[in-house]
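In order, the protein sequence lines correspond to chains R and V. For what it's worth, my numbering labels the leading residue of the first sequence as 114, then goes sequentially. For what it's worth, my numbering labels the leading residue of the second sequence as 114, then goes sequentially. Take a look at the structure set out below.
There are 2 protein chains.
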Amino acid sequence: MMGLPPDDRGFTLGDGLFETVLARDGALVGVAAHLDRLAAGCATLGLPPPDRVEAEALMRRALAQTELGAAARAAVRLTLTAGSGGRGLERPEPVTPRLVATAAPAPRPLAPARLVTSSIRRNDRSPTARLKTLAYLDNVLARREARAAGADEALMLNTRGAAASAAAANIFWLEGEVLVTPALDCGALAGTMRAQVIASAARLGVPLRETAAGAERLAAADALFLTNALIGVRQVCDLDGRSFAPHRLAERLSAEVDP
Amino acid sequence: MMGLPPDDRGFTLGDGLFETVLARDGALVGVAAHLDRLAAGCATLGLPPPDRVEAEALMRRALAQTELGAAARAAVRLTLTAGSGGRGLERPEPVTPRLVATAAPAPRPLAPARLVTSSIRRNDRSPTARLKTLAYLDNVLARREARAAGADEALMLNTRGAAASAAAANIFWLEGEVLVTPALDCGALAGTMRAQVIASAARLGVPLRETAAGAERLAAADALFLTNALIGVRQVCDLDGRSFAPHRLAERLSAEVDP
Numbered sequence: 114m115m116g117l118p119p120d121d122r123g124f125t126l127g128d129g130l131f132e133t134v135l136a137r138d139g140a141l142v143g144v145a146a147h148l149d150r151l152a153a154g155c156a157t158l159g160l161p162p163p164d165r166v167e168a169e170a171l172m173r174r175a176l177a178q179t180e181l182g183a184a185a186r187a188a189v190r191l192t193l194t195a196g197s198g199g200r201g202l203e204r205p206e207p208v209t210p211r212l213v214a215t216a217a218p219a220p221r222p223l224a225p226a227r228l229v230t231s232s233i234r235r236n237d238r239s240p241t242a243r244l245k246t247l248a249y250l251d252n253v254l255a256r257r258e259a260r261a262a263g264a265d266e267a268l269m270l271n272t273r274g275a276a277a278s279a280a281a282a283n284i285f286w287l288e289g290e291v292l293v294t295p296a297l298d299c300g301a302l303a304g305t306m307r308a309q310v311i312a313s314a315a316r317l318g319v320p321l322r323e324t325a326a327g328a329e330r331l332a333a334a335d336a337l338f339l340t341n342a343l344i345g346v347r348q349v350c351d352l353d354g355r356s357f358a359p360h361r362l363a364e365r366l367s368a369e370v371d372p
Numbered sequence: 114m115m116g117l118p119p120d121d122r123g124f125t126l127g128d129g130l131f132e133t134v135l136a137r138d139g140a141l142v143g144v145a146a147h148l149d150r151l152a153a154g155c156a157t158l159g160l161p162p163p164d165r166v167e168a169e170a171l172m173r174r175a176l177a178q179t180e181l182g183a184a185a186r187a188a189v190r191l192t193l194t195a196g197s198g199g200r201g202l203e204r205p206e207p208v209t210p211r212l213v214a215t216a217a218p219a220p221r222p223l224a225p226a227r228l229v230t231s232s233i234r235r236n237d238r239s240p241t242a243r244l245k246t247l248a249y250l251d252n253v254l255a256r257r258e259a260r261a262a263g264a265d266e267a268l269m270l271n272t273r274g275a276a277a278s279a280a281a282a283n284i285f286w287l288e289g290e291v292l293v294t295p296a297l298d299c300g301a302l303a304g305t306m307r308a309q310v311i312a313s314a315a316r317l318g319v320p321l322r323e324t325a326a327g328a329e330r331l332a333a334a335d336a337l338f339l340t341n342a343l344i345g346v347r348q349v350c351d352l353d354g355r356s357f358a359p360h361r362l363a364e365r366l367s368a369e370v371d372p
């Protein structure tokens, strides 16, 4: 893998997007949904979308080169940046995006997660809150805060006080038999596993609400779980000191989406 | 300049900080203030600060290597990242930061700036809003929006509707003979030129207020100007279609800080 030039706008300004794709037994899981989301993010950022064949080939090569192709579970990261050049904040005309793929082992966390609410708010007043952009520092800091508090992951509220997501996962909860998750305009990432869980709930006949909900709704929930492409569904056992028991519907959804 | 590894956390997550230092006739202007701010930012992000001698030597080398050492005006960018490694959002223990310096020509814009208010809000609910972090994408998009509207720069409000800054500059305005600028907790970057202008105002006996102010205060101002280390003081001639005339106090402050 060649080094990146230090004038890459992903490096200098976070001007780009990424996808983290699960590779299971050498196969890229749900790669079409990831490339769809990447293309949608490019449209929002005003970047040309990548060639899908080239992007997939790059990911397969990263998997092969790191000798993780035969691994039971690996994470393949595809990064697209606005490339090099431009003046300060302004991109060059035309932009020549840069695509980079890397692969790493991805053991699945089996224990339920302990969450704490972060002091750092997710900026629902920016279109980037719904995208998997390279400007991920707030989430890094939220996770860091959570780990310092002895938890595994951070719950991030948005600037209006509504739940948005975890630092590296979407969040769902159960109110009786109703499944609830933050609406995308709350600053939630449009997660590929979020979409799968929503589709699974529809198949199972589970009513679902996408909504703006304050932290008190989560504290009063019957169960809480996290989702992302690598972990699938991960139950939450504790939020800010309040305990949650395992829930059969979370288990059922986990089996449905089985990453 | 060697290439960056694709697992650098500045590249993958925006996990780092930067400084843009003016080099005038081969000398780094105000480099101590820049390195002070970088060290303060490192403390907020939980990163070890760089060695100041090494950082300055790197910047001088970048200036020499790009043959800009003799240029009247160049911009030297110093980037510090959380280095390579870690697992997902979580940094490795210990962190080994990476320092990179680059240099580019920096012509001074002489014409007054036309501003439009951005639809993208600055996230005053994160400590990163006061820092010059690598997660700069919101500002890239705000500038892009401004350029698409035929303006030079974007005014960014925070999530509570108060003025925070321009996309790549701090903002000041005059209310009669009183100089006003957004307080840092509005999500304003702690600009080195902002600090210089504040110090100059004190020397000149100009009263100054750091405050939270809505867009209507700026629209009603007697004059508006932008500041950063590369441009010094740059007057604003238009904000969202409202015109502003050049102002003698802005000119006086520009001469005082003369970058």
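The C-beta atom is built at its ideal place from N, Cα and C for all residues, glycine as well.
Proximal residues to Val291 (chain V) (C-beta, below 7 angstroms), its chain only, five neighbours per side dropped: So the list reads Pro320 and Arg322, once near-sequence residues are dropped.
Chain R contact for Val253 (chain V) (CB, 9 angstroms cutoff): At least one C-beta of chain R is nearer than 9 angstroms to the C-beta of Val253 (chain V).
Residue-level contact to chain R via CB, Leu117 (chain V), 9 angstroms cutoff: Closer than 9 angstroms to some Cβ of chain R, the Cβ of Leu117 (chain V) qualifies, so yes.
Val349 (chain V) (DSSP reduced to helix, strand or coil): In this structure, Val349 (chain V) counts as strand in the three-state DSSP scheme.
Within 9 angstroms, strictly: CB atoms of Gly300 (chain V) and Asn252 (chain V): In this structure, the beta-carbon distance from Gly300 (chain V) to Asn252 (chain V) does not fall below 9 angstroms.
When V:Leu270, V:Leu244 and V:Ile233 are compared against Ser239 (chain R), the one with the closest alpha-carbon: Closest option to Ser239 (chain R), judged by alpha-carbon separation, among V:Leu270, V:Leu244 and V:Ile233: V:Ile233.
Ala267 (chain V), DSSP secondary structure in three states: Reduced to three states, the DSSP call for Ala267 (chain V) is strand.
Residues that Ser383 (chain V) bridges to, as DSSP identifies them: The structure shown does not extend to residue 383 (chain V), since chain V spans only 114 to 372, so no value can be given for it.
Buried/exposed call for Ser313 (chain R), threshold 16 Cβ in 10 Å: Classification for Ser313 (chain R): buried.
Alpha-carbon spacing of Arg122 (chain V) relative to Thr157 (chain V), whole angstroms: Using only the alpha carbons, I get a separation of about 17 angstroms.
Chain-ordered neighbours of Thr192 (chain V) on chain R, where CB pairs are closer than 9 angstroms: From the beta-carbon of Thr192 (chain V), the residues of chain R found nearer than 9 angstroms are Pro119, Phe124 and Thr125.
Asn341 (chain R) - DSSP class collapsed to helix/strand/coil: In the structure shown, Asn341 (chain R) sits in a strand (DSSP, three-state: E or B).
8 angstroms contact criterion, which Ala214 (chain V) and Met172 (chain V) should meet: CB distance rounded: Yes, Ala214 (chain V) and Met172 (chain V) are in contact; Cβ-Cβ is about 5 angstroms, under 8 angstroms.
Beta-carbon proximity of Leu130 (chain R) to Leu244 (chain R), cut-off 9 angstroms: Yes, the Cβ-Cβ distance between Leu130 (chain R) and Leu244 (chain R) is below 9 angstroms.
Interface flag, Arg260 (chain V) vs chain R, CB-CB below 9 angstroms: Using beta-carbon distances, Arg260 (chain V) counts as an interface residue toward chain R, with a partner under 9 angstroms.
Short CB-CB distance (under 9 angstroms) between Val229 (chain V) and chain R: No, Val229 (chain V) does not count as interfacial toward chain R.
Alpha carbon of Asp149 (chain R) to alpha carbon of Glu132 (chain R), nearest angstrom: Taking the straight line from one Cα to the other gives about 10 angstroms.
Inter-residue CB distance, His360 (chain R) and Ala336 (chain R) (contact presumed, cutoff 8 angstroms): With 8 angstroms as the limit, His360 (chain R) and Ala336 (chain R) qualify as a contact, their Cβ atoms being about 3 angstroms apart.
Gln348 (chain R) vs Pro225 (chain R) beta-carbon contact at 9 angstroms: Going by C-beta atoms, Gln348 (chain R) is nearer than 9 angstroms to Pro225 (chain R).
Exposed unless 16 or more other CB atoms sit within 10 angstroms - verdict on Pro207 (chain R): Note on Pro207 (chain R): under 16 other CB atoms within 10 angstroms of its CB, so exposed under the neighbour-count rule.
Neighbourhood of Thr246 (chain V) by C-beta, 6 angstroms cutoff - its chain only, sequence neighbours within 5 removed: Shown here for Thr246 (chain V): same chain residues with a beta carbon closer than 6 angstroms to its own, the five before and five after excluded, namely Leu130 in chain order.
Leu176 (chain V) vs Leu287 (chain V) beta-carbon contact at 9 angstroms: It is not a contact, given that the beta carbons lie outside the stated cut-off.
Contact under 9 angstroms by Cβ, Arg186 (chain R) with Ser197 (chain R): For Arg186 (chain R) and Ser197 (chain R), no; Cβs fall outside 9 angstroms.
N-terminal and C-terminal residue of the alpha helix (DSSP H) that Val310 (chain V) is part of: Taken as a continuous stretch (DSSP letters only), the alpha helix (DSSP H) holding Val310 (chain V) covers Thr305 to Leu317.
Minimum Cβ-Cβ distance from Thr241 (chain R) to chain V less than 9 angstroms: Proximity of Thr241 (chain R) to chain V, defined by a Cβ-Cβ separation below 9 angstroms, is satisfied.
Assumed close pair Ala373 (chain V), Leu117 (chain V) - CB separation to whole angstroms, cut-off 8 angstroms: Because chain V is modelled from 114 through 372, residue 373 (chain V) falls outside the range shown and cannot be assessed.
Contacts around Gly289 (chain V), its chain only, beta-carbon distance under 7 angstroms, and the 5 residues preceding and following it disregarded: The residues Asp335, in chain order, have a CB closer than 7 angstroms to that of Gly289 (chain V) in the same chain once the five nearest residues on each side in sequence are set aside.
C-beta atoms of Leu202 (chain V) and Gly127 (chain R) nearer than 9 angstroms: Contact check for Leu202 (chain V) against Gly127 (chain R) fails: the beta carbons are separated by 9 angstroms or more.
Spatial distance of Phe357 (chain R) from Met306 (chain R) (CA atoms): Near 22 angstroms, if we compare the C-alpha coordinates of Met306 (chain R) and Phe357 (chain R).
Interface flag, Ala276 (chain R) vs chain V, CB-CB below 9 angstroms: So, not an interface residue.
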